[in-house]
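Protein chains in written order, with UniProt numbering: chain A, 1 to 392; chain B, 1 to 392.
2 protein chains.
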Amino acid sequence: MLQLSNKYKNMKPSATREILKATSDPSVIAFAGGSPAVEAFPCDEVKKISAEILEENPVSALVYGVSEGYDPLRDTVKTWLKKRNNIGTDDDTVIITAGGTQVMDITTRILTSEGDTIICEEPSFIGSLNAFRSHGCNLVGVPVESDGMNIEALENAVKANPNAKFIYTIPNFQNPSGTTLSWEKRKAVYAIAKKYGIAVLEDDPYGNLRTEGEEVPAIKTLDEDGIVIYAGSFSKILAPGIRVAYAVVPNSIAGAFTIGKQVSDVHTGVLNQMIVYRWFKEYNVDAHIEEIRKIYRKKINLMCEKLDEFCPQIKYVRPQGGLFLWAKLPNNVDMTDYCKRLVERKVAVVPGNAFIVDESKPCNYIRLNFSTPSDENIIDGVRIMGEVLKEY
Amino acid sequence: MLQLSNKYKNMKPSATREILKATSDPSVIAFAGGSPAVEAFPCDEVKKISAEILEENPVSALVYGVSEGYDPLRDTVKTWLKKRNNIGTDDDTVIITAGGTQVMDITTRILTSEGDTIICEEPSFIGSLNAFRSHGCNLVGVPVESDGMNIEALENAVKANPNAKFIYTIPNFQNPSGTTLSWEKRKAVYAIAKKYGIAVLEDDPYGNLRTEGEEVPAIKTLDEDGIVIYAGSFSKILAPGIRVAYAVVPNSIAGAFTIGKQVSDVHTGVLNQMIVYRWFKEYNVDAHIEEIRKIYRKKINLMCEKLDEFCPQIKYVRPQGGLFLWAKLPNNVDMTDYCKRLVERKVAVVPGNAFIVDESKPCNYIRLNFSTPSDENIIDGVRIMGEVLKEY
């Protein structure tokens, strides 16, 4: 029998993706997923666009592309990001990836060796944590507060780990905590990275899904020193199955990033990239984002309202956007047991310890997704959550 | 400025992909590419199929999928491979990947640590060699003869490298040498892997492009011990831009392989996978393969005929299929200089040293691709090759 590498011996599949598989049963109320709202997908637009592409020049959509991505899409993303978020300068390169996770994977490939350390928020997105772990990196978690990472703990972590190569943050509507890193803290994160000569990996798949409050500029907008890798994605504003995302990387590492992409999968599907390009060309993407924000605003409001009504024992920081709400159970409730009882009642949530660096540590949080379930499911699911809470 | 990891400090982009970028100039005769013949792409079929998918159930093509791949496609590939090539048993799992290179990448992730050794054919496909190098692995090359790897050298290499984790082979119409590993040698490769307790990574993107001679069963058909990972692809029989390939992996490592896929890019594009699935459902894939073989047969014959006519000084083993011909220059011709002079005459070929483990070693081969250029380009390009040869 084959021996696995040390890196993979202790790897476990993503709990959320495993739960997602288990909840393909349509009778289950899925608060466990991480999919954007399907009613927000521009289906008719994608249908029209792909028909046009395959009518006009099918060969161009089916031949090999270059590893950096489809140039018209790269140019479009560059212009759009600059205008919309003031992200990117002449010292940066936009590279297209097959989904956002690939940015985390490639960044880890090019900046770390086995045994190096990555500083991350705790809790944080399990998909990224697993990508880091899969390269043999150690994770050091920094507690997340209602306005993002605790900055003192961050500096201590960086100082205590001279082999730390980058700080990983999801600045907007963080997964799973739903919190947003304040502008003051963003400046502090950048200053610490600069002081200790390490990189910042800024993962921003949810930034366009703000439903209330003021936009906070990206850490990348501070990047005079070429130390921030910014990851954006079309998974949440167009659709995730299409697998198109992008990285904005300092020119100094753009060559290595491109090689990382090349050895991963050569290039992202050309038809996929062309669909996104034409979507920009033929439709108003900013207007679409405004529309889907209305959907998310309604869903967040509904879930918070129902939590307050049916589960007043649960504490949470109200998210200002994104897909997730991080719910703290009362102390008398055993989190794992609660999740099990919910599954018996056909409600799936993600146990909070899935998002902790050391999964064996006690954790009395659960992650709730409000973007996938219908309004009826949100109401029924939270009602059942309240009923089960009363059993303790 | 950010420091790259040791693994990436010395990495160079794939010479062939760089050349491909340079030769986007349509006036260049491109013998340097690795694309299948575009006239073989089933464009009308893909157009019809994607319209159907996006008409009937667009959401299903746009939501997240599972990491292992779209189940109907996995089942279809499993059945088709069993019937067509007797590949796969109940002890194997089919996993969909985003192109064939991803199988090499994930296999390296899960079976090796930095500093481990991979035994490969020499010359071999630069894309795979770079994928191995990018994980910090050492490459040990085994010379390729007209019937594939030298088996004595292979056993010596495995014996001399106790940290070797797998043997990498392209058994059919090898890239770049065009040679096919004989049945006797396939059995010997398997026996050596078994004897020394290491894996075989059998990369077979070209197997369906046989234009003459008898099919040779895959090494995977011998795999009673669960030590062979088989990689197949739709890049050469459908189209490469769609980025759909597959791995047949022993069940014992299927879980780790799935995690490797998950941390790489979560899953392969769903629309892409559905297109391939429907292609099988609605069309006769085996008949399509027979048709494209005719195209390849004609192209190989034409290139060989013109080489014999214009460049009798060049020696080569006539490929029985695939995309490539490995041409040995006469001793009085400096290979690098010859490639440069060809570029000046607007003919692009790949310098042979790109495919050698140690690129600084002398090499008087060039790789010629016959699938991409038109018949006229093959005739003109080989004529120019002959003219430039006369300059020495």
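For each residue, glycine too, the CB sits at the ideal point set by N, CA and C.
This one's a predicted model, so the numbers in the text were calculated from it and none came from an experiment.
Closer than 7 Å: residue 44 (chain A) CB and nearest the ligand SAM heavy atom: Judged by which ligands are present, the structure shown has none, so any question about the ligand SAM falls away.
Within 7 Å of chain A by C-beta, residues of the region 26 to 42 of chain B in sequence order: 35, 38, 41
For residue 326 (chain A): DSSP bridge partner residues: A:367
Strand pairing of residue 233 (chain A), partner residues [DSSP]: A:245
Residue range of the unbroken beta strand (DSSP E) whose run includes residue 199 (chain B): 199 to 203
Residues that DSSP places opposite residue 296 (chain A) in a beta bridge: Looking at the DSSP assignment, residue 296 (chain A) forms no beta bridge with any residue, so it has no partner.
Member of B:108, B:148, B:101, B:112 whose CA lies at the smallest distance from the CA of residue 123 (chain B): B:148
Interface positions of the region 56 to 67 of chain B facing chain A (Cβ-Cβ less than 9 Å), listed along the chain: For the region 56 to 67 of chain B, residues whose beta-carbon sits nearer than 9 Å to a beta-carbon of chain A comprise 58, 59, 60, 61, 62, 63, 64, 65, 66, 67.
Within 8 Å of chain A by C-beta, residues of the region 255 to 274 of chain B in sequence order: 255, 256, 258, 259, 260, 262, 263, 264, 265, 266, 267, 268, 269, 270, 271, 272
C-beta atoms of residue 222 (chain A) and residue 173 (chain A) nearer than 8 Å: no
Touch test, the region 262 to 277 of chain B against the region 240 to 258 of chain A, Cβ-Cβ under 8 Å, three pairs minimum: yes
Residues near residue 357 (chain A) in its chain [Cβ-Cβ closer than 6 Å; skip 5 each side]: Once the five neighbours on either side are set aside, the close Cβ partners of residue 357 (chain A) are 122, 139, 141.
Reference residue 179 (chain A); option with closest CA among A:211, A:190, A:192: A:211
Beta bridge counterpart(s) of residue 210 (chain B) as assigned by DSSP: Under DSSP, residue 210 (chain B) takes part in a beta bridge, and its partners are B:321.
For residue 89 (chain A), the nearest candidate out of A:171, A:59, A:229 (CA to CA): A:229
Straight-line gap, residue 87 (chain B) to residue 198 (chain A) (C-alpha atoms, nearest Å): 48 Å
Proximal chain B residues relative to residue 168 (chain A), where beta-carbon distance stays under 7 Å: Here the premise fails: no neighbours, minimum Cβ distance about 14 Å.
Sheet register partners of residue 121 (chain A) (DSSP bridge): A:142
Paired residues, beta bridge with residue 149 (chain A) - DSSP: A:144
Residue 168 (chain A) in three-state terms, based on DSSP: strand
Residue 355 (chain B) and residue 72 (chain B) closer than 8 Å at C-beta: no
Which of helix, strand or coil DSSP assigns to residue 106 (chain B): helix
Helix, strand or coil at residue 314 (chain B) according to DSSP, with G and I counted as helix: Three-state DSSP puts residue 314 (chain B) in coil, outside helix and strand.
Residue 336 (chain A) - containing alpha helix (DSSP H), residue span: 335 to 344 is the span of the alpha helix (DSSP H), which, as asked, contains residue 336 (chain A).
At least 3 beta-carbon pairs within less than 8 Å: the region 362 to 370 of chain A vs the region 276 to 294 of chain A: The answer is no - the region 276 to 294 of chain A does not touch the region 362 to 370 of chain A, with fewer than three Cβ pairs under 8 Å.
Unbroken beta strand (DSSP E) run spanning residue 92 (chain A), endpoints: Run containing residue 92 (chain A): 92 to 97, per the beta strand (DSSP E) assignment.
Distance between residue 169 (chain A) and residue 146 (chain A) (C-alpha atoms, nearest Å): 14 Å
CB contact flag (residue 231 (chain A), residue 204 (chain A), <8 Å): Against a cut-off of 8 Å, the Cβ pair of residue 204 (chain A) and residue 231 (chain A) comes out as a contact.
Cβ-based contacts, 8 Å cut-off: residues of the region 99 to 110 of chain A near chain B: Within the region 99 to 110 of chain A, the residues whose Cβ lies closer than 8 Å to some Cβ of chain B are 99, 101, 102, 105, 109, 110, listed in chain order.
Interface flag, residue 393 (chain B) vs chain A, CB-CB below 8 Å: In the structure displayed, chain B extends from 1 to 392; residue 393 (chain B) sits before or after that span and is not available.
8 Å Cβ cutoff met for residue 391 (chain B) and residue 345 (chain B): no
Residues that residue 241 (chain B) contacts on chain A, provided the C-beta gap is smaller than 7 Å: Listed along chain A are 61, 62, 63, 64, 65, 269, 270, 271, each with a C-beta nearer than 7 Å to that of residue 241 (chain B).
Residue from A:372, A:214, A:328, A:171 whose Cα sits closest to the Cα of residue 202 (chain A): A:171
Sub-8 Å separation of residue 206 (chain B) and residue 323 (chain B) beta-carbons: Taking 8 Å as the Cβ cut-off, residue 206 (chain B) and residue 323 (chain B) qualify as a contacting pair.
Three or more C-beta pairs below 8 Å linking the region 130 to 137 of chain B and the region 256 to 263 of chain A: yes
Contact set for residue 319 (chain B): own chain, Cβ-Cβ below 7 Å, skip 5 residues either direction: 173, 178, 300, 325
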